[in-house]
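Residue numbers (the working numbering): 8 to 265.
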């Protein structure tokens with residue numbers, strides 16, 4: 008079965024202003040994340056109003072890390088010649104590896120100013136909505152006809168009409184589905200153990216499974232950077248390895264201390 012996909016990435020025009028679906032879904036990911044974190048705060052006896060100061064740190068860290076990583080890793084020549092284009096975040100172009108590192112750094116800096124509930128606790132709990140947020144962002148990539156899959160080579164797949172007539176793997180949706188399954192796993196672990204969840208377990212499972220899925224599905228993607236053509240291992244796969252290793256170490260450490 009071939010699905011012909013043609014979609015306007017702009018959700019709303021207001022005079023000269025444009026609201027992109029990418030921005031809508033990214034904002035929805037953060038709103039949903041705040042609500043889920045508020046539930047975790049209340050469940051474990053913390054004041055959920057503290058999120059009013061936490062979420063700006065999380066947002067800035069995620070966006071800044073993800074955007075800089077995308078610009079400097081995947082298309083450095085263009086963005087170094089057009090530096091103002093780095094600011095056009097609403098057009099898409101965020102790298103999950105940079106987003107993860109930027110978020111971790113932001114949480115660490117926030118925790119130095121606000122010692123409770125602590126960096127490790129925040130890192131674990133923010134992993135719960137982060138997987139759902141990742142799924143929404145991949146859906147936004149699908150709407151934008153970006154991060155394309157390789158041609159299926161058969162009479163099935165998705166034809167992105169804005170790109171070419173080739174039926175391709177809808178790898179954005181594969182990845183979104185994987186992240187939803189990971190979110191279900193993390194929430195199952197958390198609902199079972201609650202406050203007694205070993206420190207580092209949720210964050211470790213998140214990093215290990217999300218970036219393992221990312222590395223696996225990279226095999227179905229077209230090269231994301233021009234210089235990747237012909238590489239046996241993609242840039243995304245190389246960048247996933249240290250985050251997977253960190254996740255594995257956190258899981259091992261959590262199990263050892265449990």
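Just so it is clear, CB atoms sit at the ideal spot from N, CA and C, and this is done for glycine as well.
Whole-angstrom distance between residue 144 and residue 224, CA atom to CA atom: Stepping through the chain shown from its first residue, residue 224 is reached at position 217. Stepping through the chain shown from its first residue, residue 144 is reached at position 137. Taking the straight line from one Cα to the other gives about 16 angstroms.
Residue interval of the beta strand (DSSP E) (run including residue 18): To locate residue 18, count along the chain shown from 1; it is residue 11. Element bounds for residue 18: 17-21.
Enumerated in chain order, which unbroken segments of the beta strand (DSSP E) with a length of 3 residues or greater are wholly contained in the region 64-95? none
Tell me whether the region 36-47 and the region 157-168 touch, counting them as touching only if at least three CB pairs, one residue from each stretch, are closer than 8 angstroms. no
Under 8 angstroms, with one C-beta from each stretch per pair, do the region 186-201 and the region 138-154 reach the 3-pair mark? yes
Integer-rounded CB distance, given that residue 213 should sit under 8 angstroms from residue 137: As a first step, residue 137 must be located in the chain shown, where it is residue number 130. As a first step, residue 213 must be located in the chain shown, where it is residue number 206. Between residue 213 and residue 137 the Cβ distance is about 6 angstroms, and since that is below 8 angstroms, they are a contact.
Among 30, 120, 147, 103, the one whose alpha carbon lies nearest that of residue 245: Here residue 245 is taken as the residue at index 238 of the chain shown, counted from 1. For residue 245, the nearest C-alpha among the options comes from 103.
Where residue 160 sits in the DSSP three-state scheme: To locate residue 160, count along the chain shown from 1; it is residue 153. If DSSP states are grouped into helix, strand and coil, residue 160 belongs with coil.
Within the continuous alpha helix (DSSP H) that includes residue 248, where are the two ends? As a position in the chain shown, residue 248 is number 241, starting the count at 1. Here the alpha helix (DSSP H) through residue 248 covers 242-264.
Check the C-beta distance from residue 120 over to residue 93 and give it rounded, since I have them as a contact under 8 angstroms. The residue labelled residue 120 in the question sits at position 113 within the chain shown. The residue labelled residue 93 in the question sits at position 86 within the chain shown. The pair is not a contact, with the Cβ atoms about 27 angstroms apart (cut-off 8 angstroms).
Mind reading off the beta-carbon distance from residue 36 to residue 26? Whole number of angstroms is fine, and I expect it under 8 angstroms. Locating residue 36 in the chain shown gives position 29, where the first residue counts as 1. Locating residue 26 in the chain shown gives position 19, where the first residue counts as 1. Their Cβ separation, rounded to whole angstroms, is 16 angstroms, which puts residue 36 and residue 26 out of contact at 8 angstroms.
Which of helix, strand or coil does DSSP assign to residue 172? As a first step, residue 172 is located in the chain shown; it is residue number 165 there, counting from the start. Of the three classes helix, strand and coil, the one that applies to residue 172 here is coil, per DSSP.
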